[in-house]
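For reference, the structure is listed below as structure tokens.
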Amino acid sequence: MSNIQLCYNIERQDFSKAGEASSNIKKALRQLGINSGTIRRVAVATYEAEMNIIIHSEGGIIGVTVDVDKIRIDAKDTGPGIEDIDMAMKEGYSTATPEIRELGFGAGMGLPNMKRYADEFKIESSVGNPTIITIVIYL
Amino acid sequence: MLVKELIEALNLELIAGEEGTENKITGVYISDLLSWVMAKLQAGNVWITIQTHVNVVAVALLGEASCMIIPEGADIDENTIAKANEEKIPLLRSQLTAYELALKIKEVSKI
């Protein structure tokens, strides 16, 4: 069986469409008959990745690859990069503005939530470069 | 208990998403921090939040909330109402506080 790939463009600061890519991914996985627990883990990971791209980056893409034994999520933006990844991975740490926080975002839970729901989690980033996140969830 | 039964029991205002009122209620979750909600809300939970911008609908949808209740009669954005209708997620409103709502839901649903 060949794998199935989904790809979504995420615009920076586009809060009107926030969550749309994750919702579409979720619907597609349901149609593929993936079990609900796995779908939930993918939904949380893709939602957090989507929100991070909207809030913090200059825009990016989220790709989902469904294989026979795993689902892989690739989130890649076009910068500006993360200065201190260790800090960014800490629960409660966020660089979001007060305006963003008033909307209920910027809780500093995005990256920790992604890692929590992943079987494999990798983040690559540095100032002036893209942030690339790879998440694998086993089926 | 179904959402439509809860609406009747608590005299909730049905703002949007009437098509989802047959959803079954499994519990209650209260938070305004969307990442917390994404991580902790269980499928079928009633989600009580004072956040009323359009993004709450995506969170409710992804977390599989049975419905959303906006407490204390807060104003709700027009595009949030449109999105809740589109996604068939019941968007309800009450004059009660989140705490009072939770107590009443416990009383009428026994969950």
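If you're matching them up, the sequences are chains A and B in order. Residues 96 to 234 in our numbering are what the first sequence lists, from first letter to last. Residues 5 to 115 in our numbering are what the second sequence lists, from first letter to last. Idealized CB from N, CA, C, for every residue including glycine.
Residue i to residue j, Cα distance in whole Å?
i	j	result
ALA116 (chain A)	PHE110 (chain A)	12 Å
ILE168 (chain A)	ALA106 (chain B)	37 Å
MET72 (chain B)	VAL50 (chain B)	6 Å
ILE34 (chain B)	SER97 (chain A)	42 Å
GLU178 (chain A)	GLY187 (chain A)	17 Å
LYS217 (chain A)	LYS110 (chain B)	42 Å
ALA183 (chain A)	GLU12 (chain B)	45 Å
LEU14 (chain B)	ILE74 (chain B)	13 Å
GLY31 (chain B)	ASN89 (chain B)	22 Å
ASP164 (chain A)	LEU124 (chain A)	14 Å
ARG97 (chain B)	ILE180 (chain A)	41 Å
LEU18 (chain B)	LYS210 (chain A)	37 Å
GLU82 (chain B)	GLU68 (chain B)	22 Å
GLN108 (chain A)	ILE148 (chain A)	8 Å
PRO193 (chain A)	ALA202 (chain A)	11 Å
LEU10 (chain B)	ILE80 (chain B)	20 Å
ALA191 (chain A)	THR160 (chain A)	30 Å
ASP214 (chain A)	ILE29 (chain B)	30 Å
Can you look up residue i in the DSSP assignment and give me helix, strand or coil?
i	result
GLN100 (chain A)	strand
GLU153 (chain A)	coil
ALA64 (chain B)	helix
LEU107 (chain B)	helix
GLY158 (chain A)	strand
MET232 (chain A)	According to the sequence provided, residue 232 (chain A) is Ile. The question's Met does not apply to it. Here ILE232 (chain A) sits in strand by DSSP.
LYS112 (chain A)	helix
ALA20 (chain B)	strand
ILE54 (chain B)	coil
ALA47 (chain B)	coil
VAL163 (chain A)	coil
ILE29 (chain B)	coil
ILE148 (chain A)	helix
GLU143 (chain A)	helix
ALA78 (chain B)	coil
ALA170 (chain A)	strand
Name the two residues that bound the continuous alpha helix (DSSP H) containing residue i.
i	result
ALA84 (chain B)	In the sequence on display, residue 84 (chain B) carries Thr and not Ala. Run containing THR84 (chain B): 82-91, per the alpha helix (DSSP H) assignment.
GLU9 (chain B)	7-14
GLU197 (chain A)	193-197
ASN130 (chain A)	First-last for ASN130 (chain A): undefined, no H or E at that position.
LYS44 (chain B)	38-44
LYS210 (chain A)	205-211
Check for me: the beta strand (DSSP E) holding residue i runs from which residue to which?
i	result
MET72 (chain B)	71-74
GLU115 (chain A)	Segment 115-126 is the alpha helix (DSSP H) holding GLU115 (chain A); no beta strand (DSSP E) there.
LEU95 (chain B)	95-97
ILE180 (chain A)	Per DSSP, ILE180 (chain A) belongs to no beta strand (DSSP E); it is in the alpha helix (DSSP H), 180-183.
PHE216 (chain A)	215-219
Tell me, to the nearest whole angstrom, how far the beta carbon of residue i is from that of residue j; I am working on the premise that it is less than 8 Å.
i	j	result
VAL137 (chain A)	ILE227 (chain A)	The Cβ separation is near 18 Å, so there is no contact.
ASN104 (chain A)	ILE156 (chain A)	6 Å
THR101 (chain B)	THR56 (chain B)	At roughly 15 Å, the Cβ-Cβ gap does not stay under 8 Å, so THR101 (chain B) and THR56 (chain B) are not in contact.
VAL63 (chain B)	GLY114 (chain A)	7 Å
GLY154 (chain A)	VAL222 (chain A)	Contact flag wrong, Cβ pair sits at about 17 Å.
- Query: Below 8 Å, can you find three or more Cβ-Cβ pairs linking the region 135-149 of chain A to the region 165-181 of chain A?
  - Reply: yes
- Task: Spell out a yes or no on whether the region 89-106 of chain B and the region 17-29 of chain B are touching, meaning 3 or more CB-CB pairs, one atom from each, closer than 8 Å.
- Result: yes
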